[in-house]
Amino acid sequence: MSFVTPDPFTTRPEIDGTFGVVASTHWIATAVGMGVLERGGNAFDAGVATAFVLQVVEPHLNGPGGDVPVILHDVRVGRPQVVCGQGPAPQAATISHLRDDLGLDLVPGTGLLAPCVPGTFDAYMLILRDHGTWRLADVLEAAIGYARDGFPLVERVSATIATVEGLFREHWPSSAATYLKEGGVPAPGTLFTNPVLAETYARIVREAAGGSREQEIERARRIWSQGFVAEAIDGFCRGEPVMDVTGTPHRGLLTGADMAAWQASVEAPVGYEYGRYTVLKAGPWTQGLATLQQLALLKGFDLDRLDPAGPDFIHLQVECAKLAFADRDTFYGDPAFVDVPVETLLSDSYNAERRTLVSETASLEQRPGAIPGFGKALDARVSEGARTAVGSSGAGEPTVGKIEATKIAATVPPDDARSGIVRGDTVHFDIIDRHGNMITATPSGGWLQSSPVIPSLGFCLGTRAQMFVLDENHPAALAPGKRPRSTLSPTMALRDGAPYLAWGSPGGDQQDQWIPQFFLRHVHAGMNLQAAIDAPAWHTEHFPSSFWPRTARPGVVVVENRVSPQTVAELRRRGHLVEIGSDWSEGRLTAASRDGRRLRAAANPRGMQGYAAGR
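What follows is the structure, given as structure tokens:
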């Protein structure tokens, strides 16, 4: 390592202790998780409590109707495991129905045609049962309290509600009743309540009460998948048609039978050796392999000598990301339904060949690999304008923050100033306790703008099925009972064989761009966790978005304004179509690490929501 960051300043301290650390995308959730550790809970108790609170305080980014992949290391088990909280497509969700009967070429980005089976609740119950120590009522207490008694709305929640106010008023009255209380959009800082959601979880606690801790948890799982929750979802989807982005109302496809037929599952992670590190991801039902593929390509370059915010580093990472995501869109899918050539995609020979495509100039083409007998290329829809975050229809990726053109005009050329909203979705948390237990999770879906609130439950369903393809021959083709190829992508790494690092970021397609950037800055530039999060970041929009309307912007790279003008000029000289955002507009990373007894954590300052705590 020859490059060391010359600026020791970080926006916040890297948390350093021996008792426990919690990092999440909202300070309230972090405080709740840390409180669980202080009261004797382990990392898994804290993780479940944190996750339920995130559903309440960041409703524009995740909810009970969504989905989650989790990577955990339980010292009693002795090996990392993946918990799949990604529910599958309903039995009625067929290509024939959407494409032939309804005349659609894409799964809509909002409404009731796109929900999969909600996966978060059962996944958290499985984790609590098998790895936790607390009872159901204890881990749900904080979430119920905040939903009942109120929490301060962050600016992005208010802005998201304002964006879809017309949709709520005209077409989704149950959402208007929940989020447009007293007739208007709640202002930032408002103590907001969702008493119906509070009662939903309180009722589950009451009906599950009695017997052992494990018996209560199993009873809660049945109440969710076969009791009043499933009954309400079934009835809502069978009810009146709901307006979605197609401009035509549609009834839902999800049924109580779909809910009852599914449970969260446990599987082994996929790993890649990168020097001293083994980087772990969930399987190809997520896009997580894209990080591993980037590392497999970048391993062939000398990154130690490069400035991690300089043109050589950015160019190499972006070009390798383009190749990895081209493979994502060609080969990835639910391995229970399709064969995904994971070993080939991560092999030295395959990546040596792919690496030769990285030249001194930016590629403007989609260039997936060719593996005989596997995959099918995805047609890219080229967009003439910037990708759209949540619009008035509720479609797009949920928002985190916005870039005001007036704020950056003084430092950015006029043709680079972009007004509008920064894309980014989802929530994330990383927790390590004093015993060495680790958990990292990226919950998402079921955000307030995805579909109408179910009146008796206080939450809405997700729209993860929009990531399916309506082409029977594609690995990510829609099929009943199949998991969509999700963007959700938590990460864990071993160092010298021992669990060392847990990290991740919201951000849809950007997740597996910011995740390797953080890792490479930490490993090659020697940055601590907070410095690696604070460093200037970027993403490319070269490949098709996973979100409706699935458009691509070939060659486009969006960088923070803190990337130097000299670097921007050099990237443009190499052919990149560089757009410049505000100083702190990229990424929402959090991270936690364990080195012997020393526990460390850090959280993203962007958006002024994330926080890390520990001692």
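Here numbering that gives the first Met the number 0 is used: the first residue of the sequence shown is 0, the next is one more, and so on.
Yeah, the Cβ is synthetic: ideal placement off N, Cα and C, and Gly gets one too.
Beta-carbon contacts of residue i that lie in its chain and below 8 Å, excluding the five residues immediately before and after
| i | result |
| --- | --- |
| G165 | S391 |
| E559 | P535, A536, W537, I579, G580, S581, D582, W583, S584 and E585 |
| Q510 | Q286, T425, T441, T486, L487, S488, G503 and S504 |
| P371 | none |
| L127 | F43, D44, V47, W133, L135, V138 and I216 |
Residue j beta carbon less than 8 Å from that of residue i
| i | j | result |
| --- | --- | --- |
| L60 | W446 | yes |
| L632 | L344 | The question about residue 632 has no answer, for the chain in this structure spans 0 to 614. |
| P79 | M491 | yes |
| R155 | G606 | yes |
| V67 | I27 | no |
| A590 | L500 | yes |
| D333 | P543 | no |
| M33 | A464 | no |
| A295 | Y331 | no |
| S173 | P451 | yes |
| V82 | V74 | no |
| H427 | S23 | yes |
| L588 | I532 | yes |
| Y615 | L493 | Absent from the structure is residue 615, since the part of the chain shown begins at 0 and ends at 614. |
| E471 | I94 | yes |
Limits of the alpha helix (DSSP H) - the one that residue i falls within
| i | result |
| --- | --- |
| G16 | Not the alpha helix (DSSP H): G16 falls in the beta strand (DSSP E), residues I14 to G16. |
| G46 | A42 to V56 |
| I143 | L135 to D148 |
| I216 | R212 to Q225 |
| L297 | L288 to L297 |
| T10 | From DSSP, T10 is part of no alpha helix (DSSP H); its letter is neither H nor E. |
| A161 | E154 to T162 |
| E352 | D347 to R354 |
| P564 | P564 to R572 |
| A256 | G255 to A259 |
| E364 | Segment: none, E364 is in no alpha helix (DSSP H) and carries neither H nor E. |
DSSP state of residue i mapped onto helix, strand, coil
| i | result |
| --- | --- |
| H96 | helix |
| A207 | helix |
| M526 | coil |
| S592 | strand |
| F467 | coil |
| G32 | helix |
| K481 | coil |
| D243 | coil |
| P63 | coil |
| V116 | coil |
| W648 | In the structure displayed, the chain extends from 0 to 614; residue 648 sits before or after that span and is not available. |
| F330 | helix |
| W26 | helix |
| A551 | strand |
| V20 | strand |
Terminal residues of the beta strand (DSSP E) in which residue i lies
| i | result |
| --- | --- |
| S173 | No beta strand (DSSP E) holds S173; the alpha helix (DSSP H) holding it covers P172 to Y178. |
| G80 | The amino acid at residue 80 is misidentified as Gly; the sequence shows Gln. That run of the beta strand (DSSP E) goes P79 to G84. |
| I453 | No beta strand (DSSP E) holds I453; DSSP gives it neither H nor E. |
| G613 | Y610 to G613 |
| M607 | No beta strand (DSSP E) contains M607, which DSSP labels as neither H nor E. |
| A601 | R597 to A602 |
| L493 | T490 to R494 |
Distance between residue j and residue i (C-alpha atoms, nearest Å)
| i | j | result |
| --- | --- | --- |
| G226 | G461 | 20 Å |
| V421 | D100 | Summary for V421: the model assigns pLDDT 33, below 50, so the residue's position carries little reliability, and this model does not support an answer. |
| V217 | S264 | Here residue 217 turns out to be Glu, not Val, going by the sequence shown. About 14 Å. |
| G183 | P194 | 18 Å |
| A497 | P310 | 34 Å |
| G188 | T199 | 25 Å |
| P206 | A219 | According to the sequence shown, residue 206 is Glu rather than Pro. Roughly 8 Å between the two C-alpha positions. |
| G457 | T177 | 7 Å |
| P413 | V567 | Because the pLDDT at P413 is just 33, under 50, the model does not fix this residue reliably, and the value given afterwards should be weighed accordingly. Approximately 15 Å, taken between the alpha carbons. |
| I402 | Y610 | For I402, the predicted model reports a pLDDT of 28, less than 50, meaning its position is unreliable and no value from the coordinates is stated. |
| L322 | L356 | 9 Å |
| G62 | M526 | 34 Å |
| L252 | R482 | 15 Å |
| K375 | V337 | 12 Å |
| L196 | R549 | 32 Å |
| W284 | E169 | 36 Å |
Beta-carbon proximity list for residue i, same chain, < 6 Å, skipping 5 on both sides
| i | result |
| --- | --- |
| P604 | T10 |
| F235 | I453 |
| R596 | T17 |
| L103 | L97 |
Interface flag, residue i vs chain C, CB-CB below 8 Å
| i | result |
| --- | --- |
| F542 | Among the chains in the structure shown there is no chain C, since it carries only a single protein chain. |
Beta-carbon proximity list for residue i, same chain, < 7 Å, skipping 5 on both sides
| i | result |
| --- | --- |
| R573 | H314, E359, T360 and A361 |
| P240 | P248, H249 and R250 |
| L125 | V82 and A263 |
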